[in-house]
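The structure appears right after this line, and notes come after that.
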Amino acid sequence: MDSAIAHAFTLHQQTRRNIHALMESMEPEQLNRIPGGLNNNLVWNAGHVIATHELLIYALGGHHTPSGKEFINRYRKGSRPAQPVTAEEIAYIKTELTEGGRRLQEAFGSLDWAGFTSYTTSFGISITSVGEAITFNNMHEAMHLGTMLTLRRLV
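Take a look at the structure:
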(Lines of atoms letter the chains of each structure in order from A; the text may use other names.)
(Lines give C-alpha, C1' and ligand atoms only; values in the text may rest on other atoms or scores of the structure.)
Protein backbone atom coordinates (compact mmCIF):
# COMPACT_ATOMS: atom_id res chain seq x y z
CA MET A 486 0.00 0.00 0.00
CA ASP A 487 1.48 3.34 -0.97
CA SER A 488 1.87 6.15 1.55
CA ALA A 489 -0.95 8.28 0.07
CA ILE A 490 -3.46 5.45 0.48
CA ALA A 491 -2.14 4.69 3.98
CA HIS A 492 -2.58 8.35 4.94
CA ALA A 493 -6.09 8.38 3.45
CA PHE A 494 -6.98 5.43 5.69
CA THR A 495 -5.61 7.34 8.71
CA LEU A 496 -7.82 10.34 7.87
CA HIS A 497 -10.81 8.06 7.33
CA GLN A 498 -10.38 6.34 10.68
CA GLN A 499 -10.15 9.69 12.50
CA THR A 500 -13.30 11.04 10.87
CA ARG A 501 -15.10 7.82 11.78
CA ARG A 502 -13.88 8.07 15.39
CA ASN A 503 -15.25 11.61 15.55
CA ILE A 504 -18.65 10.52 14.19
CA HIS A 505 -18.70 7.58 16.62
CA ALA A 506 -17.88 9.85 19.59
CA LEU A 507 -20.67 12.24 18.61
CA MET A 508 -23.15 9.36 18.43
CA GLU A 509 -21.99 8.01 21.79
CA SER A 510 -22.71 11.40 23.37
CA MET A 511 -26.36 11.38 22.26
CA GLU A 512 -29.45 9.45 23.35
CA PRO A 513 -31.31 7.32 20.75
CA GLU A 514 -34.19 9.82 20.76
CA GLN A 515 -31.78 12.63 19.87
CA LEU A 516 -30.12 10.54 17.16
CA ASN A 517 -33.55 9.92 15.60
CA ARG A 518 -34.98 13.44 15.93
CA ILE A 519 -35.42 15.33 12.66
CA PRO A 520 -35.22 19.09 13.30
CA GLY A 521 -37.99 21.22 11.79
CA GLY A 522 -37.40 22.15 8.18
CA LEU A 523 -34.92 19.32 7.61
CA ASN A 524 -35.40 15.85 6.15
CA ASN A 525 -32.87 13.69 7.98
CA ASN A 526 -31.27 13.16 11.37
CA LEU A 527 -28.01 12.27 13.08
CA VAL A 528 -28.36 8.51 12.74
CA TRP A 529 -29.29 8.79 9.06
CA ASN A 530 -26.11 10.80 8.42
CA ALA A 531 -24.02 8.14 10.18
CA GLY A 532 -25.69 5.34 8.23
CA HIS A 533 -25.32 7.35 5.03
CA VAL A 534 -21.54 7.65 5.34
CA ILE A 535 -21.33 3.86 5.77
CA ALA A 536 -23.60 3.20 2.78
CA THR A 537 -21.79 5.69 0.55
CA HIS A 538 -18.38 4.33 1.57
CA GLU A 539 -19.48 0.84 0.60
CA LEU A 540 -20.99 1.98 -2.70
CA LEU A 541 -18.04 4.15 -3.75
CA ILE A 542 -15.35 1.66 -2.83
CA TYR A 543 -16.71 -1.88 -2.67
CA ALA A 544 -19.52 -1.69 -5.26
CA LEU A 545 -17.60 0.39 -7.82
CA GLY A 546 -14.64 -1.92 -7.21
CA GLY A 547 -16.76 -4.91 -8.15
CA HIS A 548 -17.01 -6.29 -4.61
CA HIS A 549 -19.89 -7.20 -2.27
CA THR A 550 -21.03 -4.40 0.07
CA PRO A 551 -20.56 -5.68 3.65
CA SER A 552 -23.75 -4.08 5.01
CA GLY A 553 -25.99 -5.50 2.30
CA LYS A 554 -28.60 -4.12 -0.07
CA GLU A 555 -31.33 -3.36 2.50
CA PHE A 556 -29.00 -1.25 4.65
CA ILE A 557 -27.61 0.53 1.58
CA ASN A 558 -31.13 1.34 0.34
CA ARG A 559 -32.15 2.81 3.73
CA TYR A 560 -29.20 5.20 3.79
CA ARG A 561 -28.18 5.84 0.19
CA LYS A 562 -28.29 9.27 -1.42
CA GLY A 563 -31.88 10.44 -1.85
CA SER A 564 -33.26 8.33 1.00
CA ARG A 565 -34.87 9.70 4.16
CA PRO A 566 -35.62 8.17 7.54
CA ALA A 567 -38.92 6.31 7.19
CA GLN A 568 -39.22 5.54 10.90
CA PRO A 569 -37.07 5.77 14.03
CA VAL A 570 -33.96 3.62 13.86
CA THR A 571 -33.95 0.80 16.41
CA ALA A 572 -31.38 0.47 19.18
CA GLU A 573 -30.05 -2.62 17.38
CA GLU A 574 -29.45 -0.72 14.14
CA ILE A 575 -27.86 2.18 16.03
CA ALA A 576 -25.49 -0.35 17.63
CA TYR A 577 -24.73 -1.83 14.18
CA ILE A 578 -23.96 1.64 12.78
CA LYS A 579 -21.66 2.43 15.70
CA THR A 580 -19.83 -0.86 15.17
CA GLU A 581 -19.50 -0.26 11.43
CA LEU A 582 -18.12 3.22 12.08
CA THR A 583 -15.19 1.66 13.91
CA GLU A 584 -14.87 -1.68 12.11
CA GLY A 585 -15.78 -0.87 8.49
CA GLY A 586 -12.72 1.22 7.72
CA ARG A 587 -10.42 -1.15 9.57
CA ARG A 588 -11.86 -4.09 7.63
CA LEU A 589 -11.26 -2.36 4.29
CA GLN A 590 -7.72 -1.36 5.25
CA GLU A 591 -6.86 -4.93 6.24
CA ALA A 592 -8.34 -6.40 3.03
CA PHE A 593 -7.25 -3.62 0.67
CA GLY A 594 -4.09 -5.26 -0.68
CA SER A 595 -5.74 -8.62 -1.25
CA LEU A 596 -8.75 -7.27 -3.18
CA ASP A 597 -8.63 -6.92 -6.97
CA TRP A 598 -9.38 -3.32 -7.97
CA ALA A 599 -8.61 -3.73 -11.70
CA GLY A 600 -12.30 -3.77 -12.62
CA PHE A 601 -13.10 -0.49 -10.86
CA THR A 602 -16.08 1.20 -12.56
CA SER A 603 -15.69 4.95 -13.18
CA TYR A 604 -18.38 7.16 -11.68
CA THR A 605 -19.21 10.87 -11.71
CA THR A 606 -20.52 12.11 -8.38
CA SER A 607 -23.30 14.63 -7.84
CA PHE A 608 -20.46 17.06 -6.97
CA GLY A 609 -19.37 16.74 -10.61
CA ILE A 610 -16.19 14.86 -9.65
CA SER A 611 -15.16 11.93 -11.82
CA ILE A 612 -13.81 8.95 -9.86
CA THR A 613 -11.74 6.57 -11.97
CA SER A 614 -9.83 4.48 -9.41
CA VAL A 615 -10.19 3.07 -5.92
CA GLY A 616 -7.64 5.61 -4.66
CA GLU A 617 -9.76 8.45 -5.99
CA ALA A 618 -12.84 6.83 -4.43
CA ILE A 619 -11.15 6.70 -1.02
CA THR A 620 -10.07 10.35 -1.32
CA PHE A 621 -13.55 11.50 -2.36
CA ASN A 622 -15.16 9.37 0.34
CA ASN A 623 -13.01 11.07 2.99
CA MET A 624 -14.22 14.48 1.85
CA HIS A 625 -17.82 13.22 1.82
CA GLU A 626 -17.59 11.79 5.35
CA ALA A 627 -15.97 14.96 6.71
CA MET A 628 -18.78 17.01 5.16
CA HIS A 629 -21.38 14.82 6.87
CA LEU A 630 -19.48 15.09 10.17
CA GLY A 631 -19.87 18.87 9.84
CA THR A 632 -23.58 18.42 9.19
CA MET A 633 -23.85 16.18 12.25
CA LEU A 634 -22.06 18.71 14.45
CA THR A 635 -24.68 21.27 13.43
CA LEU A 636 -27.60 18.83 13.85
CA ARG A 637 -26.36 18.02 17.36
CA ARG A 638 -27.14 21.61 18.39
CA LEU A 639 -30.67 21.35 17.00
CA VAL A 640 -31.80 18.18 18.76
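Residues in the sequence shown are numbered consecutively from 486, following our numbering. Glycine included, each C-beta is placed from N, C-alpha and C at the ideal position. Remember, predicted model here, so these are calculated numbers, not experimental data.
What are the partner residues of Tyr604, as DSSP defines its beta bridges? Ile612
Beta-carbon proximity list for Asn558, same chain, < 6 Å, skipping 5 on both sides: none
Between Leu636 and Leu496, is the Cβ-Cβ spacing less than 9 Å?
no
| message | Check whether the region 514-524 and the region 539-549 touch, using three or more Cβ-Cβ pairs below 8 Å as the test. | response | no
Give the DSSP-derived three-state secondary structure of Thr635 in the structure shown.
helix
### Residue nearest to Glu573 in terms of C-alpha spacing, selected from Phe556, Arg588 and Leu589
Phe556
**Request:** Locate the alpha helix (DSSP H) running through Thr583, then write down its first and last residues.
**Result:** Ala572 to Ala592
Output the distance between the C-alpha atoms of Ala536 and Ser552, rounded to the nearest integer angstrom.
8 Å
Are there 16 or more other CB atoms within 10 angstroms of the CB of Leu589, so buried, or fewer, so exposed? buried
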